[in-house]
Amino acid sequence: MTDLIELLRGMKRIRAVEQGIADRYMVQPQQMRCPTHLSIGQELVGALAGLALKPSDYAVSSHRGHAHYIGKGGDIGRMLAEIYGKVTGCSRGRGGSMHLIDESVGFMGTTAIVGNSIPVGVGLGLAAKLDGKEQVSAIFLGDGATEEGSFYESATIAAVRKLPVIFICENNLYSVYSPLNVRQPKNRVIHEMVAAYGGLDTYFVEGDDPEATTDELQKAVDKVRSGAGPAFIEITTYRWREHCGPNWDNHLPYRDEDEFENWKERDPLPELERRLLERGTISAERIASINQDVEHEVEAAFKFANESPFPDESEAYIDEYMA
Amino acid sequence: MKFSDAINDAMKVAMRQDPKVLCYGLGVDDPKRIFGTTEGLIEEFGPDRVFDMPTAENAMTGVAVGAALAGYRSVCVHQRVDFFLLAMDQLVNSAAKWHYMFGGQNSVPITIRLVIGRGWGQGPTHSQALHSWFAHIPGLKVVMPTNAEDAKGLLLESIFDNNPVVFLEHRWLHNMEGEVSEGDFRIPLGKARLAHQGDDVTIVSNSFMTVEALHAAEHVKAQGVGCDVIDLRTVRPLDWDAVFSSVKRTGRLLVLDIGAPMASVSSEIIARVAMEMPGVLKAPPQRLCLPDHSQPTSPALTKNFYPGSGEVVGAISSLIGRDLEKESLQAQQTWAHDVPGTWFNGPF
Ligand SMILES: Cc1ncc(C[n+]2csc(CCOP(=O)(O)OP(=O)(O)O)c2C)c(N)n1
Ligand SMILES: [Mg+2]
Chain A
8 MTDLIELLRG MKRIRAVEQG IADRYMVQPQ QMRCPTHLSI GQELVGALAG
58 LALKPSDYAV SSHRGHAHYI GKGGDIGRML AEIYGKVTGC SRGRGGSMHL
108 IDESVGFMGT TAIVGNSIPV GVGLGLAAKL DGKEQVSAIF LGDGATEEGS
158 FYESATIAAV RKLPVIFICE NNLYSVYSPL NVRQPKNRVI HEMVAAYGGL
208 DTYFVEGDDP EATTDELQKA VDKVRSGAGP AFIEITTYRW REHCGPNWDN
258 HLPYRDEDEF ENWKERDPLP ELERRLLERG TISAERIASI NQDVEHEVEA
308 AFKFANESPF PDESEAYIDE YMA
Chain B
18 MKFSDAINDA MKVAMRQDPK VLCYGLGVDD PKRIFGTTEG LIEEFGPDRV
68 FDMPTAENAM TGVAVGAALA GYRSVCVHQR VDFFLLAMDQ LVNSAAKWHY
118 MFGGQNSVPI TIRLVIGRGW GQGPTHSQAL HSWFAHIPGL KVVMPTNAED
168 AKGLLLESIF DNNPVVFLEH RWLHNMEGEV SEGDFRIPLG KARLAHQGDD
218 VTIVSNSFMT VEALHAAEHV KAQGVGCDVI DLRTVRPLDW DAVFSSVKRT
268 GRLLVLDIGA PMASVSSEII ARVAMEMPGV LKAPPQRLCL PDHSQPTSPA
318 LTKNFYPGSG EVVGAISSLI GRDLEKESLQ AQQTWAHDVP GTWFNGPF
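First to last, the protein sequences are chains A and B.
The first sequence lines up with residues 8 to 330 when you count with the working numbering.
The second sequence lines up with residues 18 to 365 when you count with the working numbering.
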């Protein structure tokens, strides 16, 4: 059973970090100088990365990878330091927001070319299967990434080789400013399309229901772990901020305020909190103390990032090859 | 007119003139309109000729090839060169080969517009130029304009060329202003532009480096050193006559490039000059490229990663064997090193 209080804490941690970035990004002089894709609104799946998966499981993600990194157990201070371009960053400042890694918790990397990390995750699944240690490889991807050939090719390889891979697709309805209906046929349902590929167990869940999402994802991961072969799960969600950057963009003519308000009402974070309070699973005091812990943790992480030194310039010219 | 507006102007001129010109790619009709370059196109030419695409770069490029075989001229747009790498199969194995491979019967008139990123932590996978890769492929033409006038004239020429053209726009050029001729005017592919004249050193340059080269050339002119600045405009075909005739006059060659040095356009230029002009060079040829490394993200690592006008002056100094003052030139940049100007505040 997933610990729902831990899930709540996990979602709060992610939101606090992302909110912290959004609040600071445009402050002059700007110090987070790299393209940054926030996960505000999409915390649930990220938070589940650490609960449905084990630290020994692998995970890879995309340009929008903060939540998955944090959820899987990645060090928040090192992620922020990476965004600030510091030498203490998880990629020593060479990768920025789009290239996060924490191998100590099985988080093997985020990459920023759409579809790029998908086959890499399948390769980790291949290794996991050969190693025979009941590890699972999780691949976080967006709805847009399912349009890339590399997704189809990866799903096929995973299915043919019966690899312990789970494709976790967050359908947030958009790729940058392009809605689904200009990118995919009207009657396509992503998880049904993948079901038709054959060889993958497919799942679908509305991401506004934190418990249903938890159960469905856990079920899928457990089955993959049992050796049944790969799975694909589609989870609906919504990105609150602009595609890249810290701002709101509901004024731009590609979506509207109403749509956003509707999704905001369905925000699974307060929903989970409400449910847990109602049931008496958690007290208001406990929530307050979680909030405070999270606030302190995130503040300390920003402090760490801010106070960390920049890499020496010579670091730009090393590490092209492994010795 | 801004460089980005000149691109936009060329698109409109081409699409008005020929109903078979199409424009598609991720975001061509979105609110940002590819940094303004596709502004107004869907409104004027409609959604049959101007349309968004799934994230499917390879297929999209093959689609352009197929449409070309049936008479359509596609202008495909990608917001970064790096995103287009998924389409190398269709570009190299289809577009570049078709005419030759099928005995010269048909051809593939497509234009691939690619934006080269730089700065604001674009990092290892959002800032590769890769024109040298493209230039390596027989059957492709590779265009990289520096100013607004050339952007328009070369884009029009590219669209109506009967071959596949890779058209590379440096992100830092989009906001630069320049005079632009009206109407349908074209600049032939394979003709360089002499952007600055002088008799002591030949500087061969392309794309954004030409901006740096011109600052440097003006700066050393005041110190009595004359430079030819040859802005290549296209790197395949390459205007060898322009390079050779200038080097014959100056006897000194400096090649500037916005990519890594290994197996590059800069290598080729130096090789050809060395092979075909024996005894002409008064000093070993020089080049300034990017370091032979992936591009880092942190502003601390990019600070001196990209050679600028100061480094160009340094290279001129060593070619002529005389110290030239460059500090006052370097001091002129008042904005942060990782943005093209104060107008830019991220994030992409
Ligand atoms: C191959 C490639 N094409 C285009 C882009 C530009 N791009 C960056 S993120 C993105 C959106 C992808 O949408 P989705 O997979 O749904 O992820 P989301 O941003 O919604 O989380 C695009 C098109 C890219 N980085 N790589
Ligand atoms: Mg999406």
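Glycine included, each C-beta is placed from N, C-alpha and C at the ideal position.
At a beta-carbon threshold of 7 Å, none of the residues of chain A lie near residue 84 (chain B); the nearest stands roughly 19 Å away. For a Cβ distance threshold of 9 Å, residue set 140, 141, 142 and 314 of chain B lies close to residue 106 (chain A), ordered along the chain. Residues of the segment 332-365 of chain B whose Cβ lies closer than 7 Å to any Cβ of chain A, in chain order: 355, 362, 363, 364 and 365.
Just so you know, the alpha carbons of residue 365 (chain B) and residue 106 (chain A) end up roughly 15 Å apart.
Contact annotation: the segment 319-338 of chain B touches the segment 260-275 of chain B, with at least three C-beta pairs closer than 8 Å. By the neighbour-count definition (other C-beta atoms within 10 Å, threshold 16), residue 324 (chain A) is an exposed residue. Legend: CB atoms of the segment 43-66 of chain B lying less than 8 Å from CB atoms of chain A belong to residues 43, 44, 47, 48 and 49. Under DSSP, residue 185 (chain A) shares a beta bridge with A:182. Going by beta carbons, residue 169 (chain A) and residue 136 (chain A) fall inside the 9 Å limit. Per the coordinates, the alpha-carbon of residue 137 (chain B) lies some 14 Å from the alpha-carbon of residue 145 (chain B). Looking at the DSSP output, residue 218 (chain B) sits in a beta bridge with B:244. Residue 312 (chain B) sits buried, since 16 or more C-beta atoms from the chains shown fall within 10 Å of its C-beta. A:13 is the residue among A:85, A:13 and A:101 whose C-alpha sits nearest the C-alpha of residue 51 (chain A).
Assignment of beta-bridge partners to residue 109 (chain B) by DSSP yields no partner.
Counting C-beta pairs closer than 8 Å gives three or more between the segment 153-170 of chain B and the segment 184-199 of chain B, which meets the contact rule.
Think of a sphere of 8 Å around the beta carbon of residue 75 (chain B): the chain A residues whose beta carbon falls inside it are 156, in chain order. Contact with chain B is absent for residue 69 (chain A), since none of that chain's Cβ atoms lies less than 9 Å from the residue's Cβ. Within 8 Å of the C-beta of residue 182 (chain A) there is at least one heavy atom belonging to ligand 1. DSSP places residue 208 (chain A) in the strand class (E or B) of the three-state scheme. Along the segment 261-326 of chain B, the alpha helix (DSSP H) occurs as fully enclosed runs of 4 or more residues at 282-293 and 316-319, listed in sequence order. Beyond the five residues adjoining it in sequence on each side, residue 44 (chain A) comes within less than 6 Å, by CB distance, of 70, 71 and 251 in the same chain, given in chain order. Two segments are said to touch when three or more pairs of C-beta atoms, one from each, lie closer than 8 Å; by this definition the segment 42-50 of chain B touches the segment 180-187 of chain A. Checking the DSSP bridge columns, you'll see residue 251 (chain A) has no partner listed. Residues of chain B with a Cβ closer than 7 Å to the Cβ of residue 120 (chain A) are, in chain order, 99, 100 and 142.
If you draw a straight line from the Cα of residue 205 (chain A) to the Cα of residue 101 (chain B), it is about 29 Å long. About 6 Å separates the beta carbon of residue 55 (chain A) from that of residue 221 (chain A), a gap short enough to meet the 8 Å contact definition. Around the beta carbon of residue 193 (chain B), a 10 Å sphere encloses 16 or more other beta carbons of the protein chains shown; the residue is thus reported as buried. With contacts defined as CB atoms closer than 9 Å, residue 308 (chain A) and residue 83 (chain A) qualify as a contacting pair.
Apart from sequence neighbours up to five positions away, the residues of its chain that approach residue 133 (chain A) with a beta-carbon distance below 7 Å are 168 and 170, ordered along the chain. Between residue 208 (chain B) and residue 250 (chain B) a beta carbon distance of about 7 Å is seen, short of the 8 Å cut, so the two are scored as contacting.
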